[in-house]
Amino acid sequence: MTTSPLLHRVALIGAGEVARFYGAALKSAGVQVPFILVRRESAAASELAQQLGAKLCLQADTDWRSLDGVLSAVTGTKAYIVAKAVMPHLSVRALYMDLCTAEPQDMESMDVLAQEHGIELADLAIMGSVPSTGAQTALLAAGQGSGRAAAFWQAQGASVRILPGQAGDAMRLKLLRSLMTKGLEALGIENLMLAERMGLRAELYEVLEDLNQRGLQDFMESCLRSHLVHGVRRRDEVLQVRRQLELAGIAPRVTNGVLDFFEHTAQTESLQRAQAVGTQESLEVFLEEARQSSSRS
């Protein structure tokens, strides 16, 4: 999608899959990509540089002061190291857009660096599959530069939600979502394996249909409230499930983790109630027990 760009000269950091898709989007939007910063030269990096008309660099230098912004798409563990090396070479008000899956605490440190150099940082969390939807993949944006970054990527067709909090919050939300989706992925696969062995896969979908109708938020909060009352009894059901997996010759990897959670409830008096309480009060019970457990360890 070609538009009149809000950014005119943007350097790219990284030459992996994400960098290739977003680099192509910058070019399509009419943005010049004068530099690509890489750790080492490679055939893939050279090809990307040729496609974008960019110069491959192994480090940033004073020429980078001519940039309006930078788009970083490297491994999350390298995000802060790269930012620390690049930011001193940028001009004041340059926009540093970070697409890396970095630790939220690293993103906070990057925000401190950005402020020291008069730069605006945009913490951008990718919320989908870039190979499937390219630069139109949904994004979460946080940090001082989130508004400018959102305006640019929205002009390229991406759905961007700006968060009111600090840099690092976009990544925090992405990781919270990942905890849910990856947990469901693992549990779902283990469940489907057992259903297939039992010859009940089609029927399983039918008995789970009420969860589709109910909605995820309602289900999560209902579990939270009722666990304090029924957690011990439910532990016994999980034991039965594990037995069925073992009989089917399936290692209960995810189920063992579920059982560990319920066993903890069964052995912890503070997590047991005679009757359900509200959502917020239930959550505070779990958080207080977690705090006490952490202080004892």
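Residue numbers (numbering that gives the first Met the number 0): 0 to 296. Idealized CB from N, CA, C, for every residue including glycine.
The closest CA to that of residue 75, considering only 242, 97, 296, is found on 97. Secondary structure note for residue 10: it is in no alpha helix (DSSP H), and the uninterrupted beta strand (DSSP E) holding it is 9-12. Here residue 187 carries a helix assignment [DSSP, helix/strand/coil]. Under the DSSP definition of a beta bridge, residue 56 partners with 36.
Excluding the 5 residues flanking it on each side, residue 185 has same chain C-beta neighbours closer than 6 Å at 253, in chain order. Secondary-structure assignment with DSSP links residue 119 through a beta bridge to 94. Between residue 137 and residue 157, the CB-CB gap stays under 8 Å. Under DSSP, no beta-bridge partner is assigned to residue 169. For residue 204, the closest alpha carbon among the candidates 44, 191, 152, 244 is that of 191. With the rule of 3 Cβ pairs closer than 8 Å, the segment 164-178 does not count as touching the segment 232-246. Close CB contacts of residue 73 within its chain, under the 7 Å cut and outside five residues either way in sequence, are with 12, 13, 81, 99 (chain order). With the rule of 3 Cβ pairs closer than 8 Å, the segment 57-70 counts as touching the segment 82-96. Positions of the alpha helix (DSSP H) runs, each at least 4 residues long and wholly inside the segment 212-256, are given as 215-246 in order along the chain. Residues 194 of the same chain have their beta carbon placed closer than 6 Å to that of residue 200, with the five preceding and five following residues left out of the count. By the Cβ criterion, the segment 103-114 is in contact with the segment 165-184, since at least three pairs of Cβ atoms, one from each stretch, lie closer than 8 Å.
No Cβ-Cβ contact shorter than 8 Å links residue 207 with residue 173.
DSSP places residue 22 in the helix class (H, G or I) of the three-state scheme.
DSSP, reduced to helix, strand and coil, places residue 159 within a strand of the structure shown. By the neighbour-count criterion, in which a residue is buried when 16 or more other Cβ atoms sit within 10 angstroms of its Cβ, residue 264 is buried.
Taking a cut-off of 8 Å on C-beta distances, the segment 144-158 does not touch the segment 211-222, as fewer than three cross pairs fall below it. For residue 52, the closest of 38, 39, 27, 58 by C-alpha to C-alpha distance is 27. One alpha carbon belongs to residue 273, the other to residue 228, and they sit about 6 Å apart. 8 Å or more divides the Cβ of residue 113 from the Cβ of residue 21. Going by DSSP, residue 69 is part of no alpha helix (DSSP H) but of the beta strand (DSSP E) stretching over 68-71. A residue is called buried once 16 or more other Cβ atoms fall within 10 Å of its Cβ, and residue 291, having fewer, is exposed.
Around the beta-carbon of residue 179, fewer than 16 other beta-carbon atoms lie within 10 Å, marking it exposed.
A direct Cα-to-Cα measurement between residue 243 and residue 259 gives close to 17 Å. Closest in C-alpha terms to residue 16, from the list 95, 85, 6, 128, comes 128.
In this chain, residue 6 is not harboured by any alpha helix (DSSP H), its DSSP state being neither H nor E.
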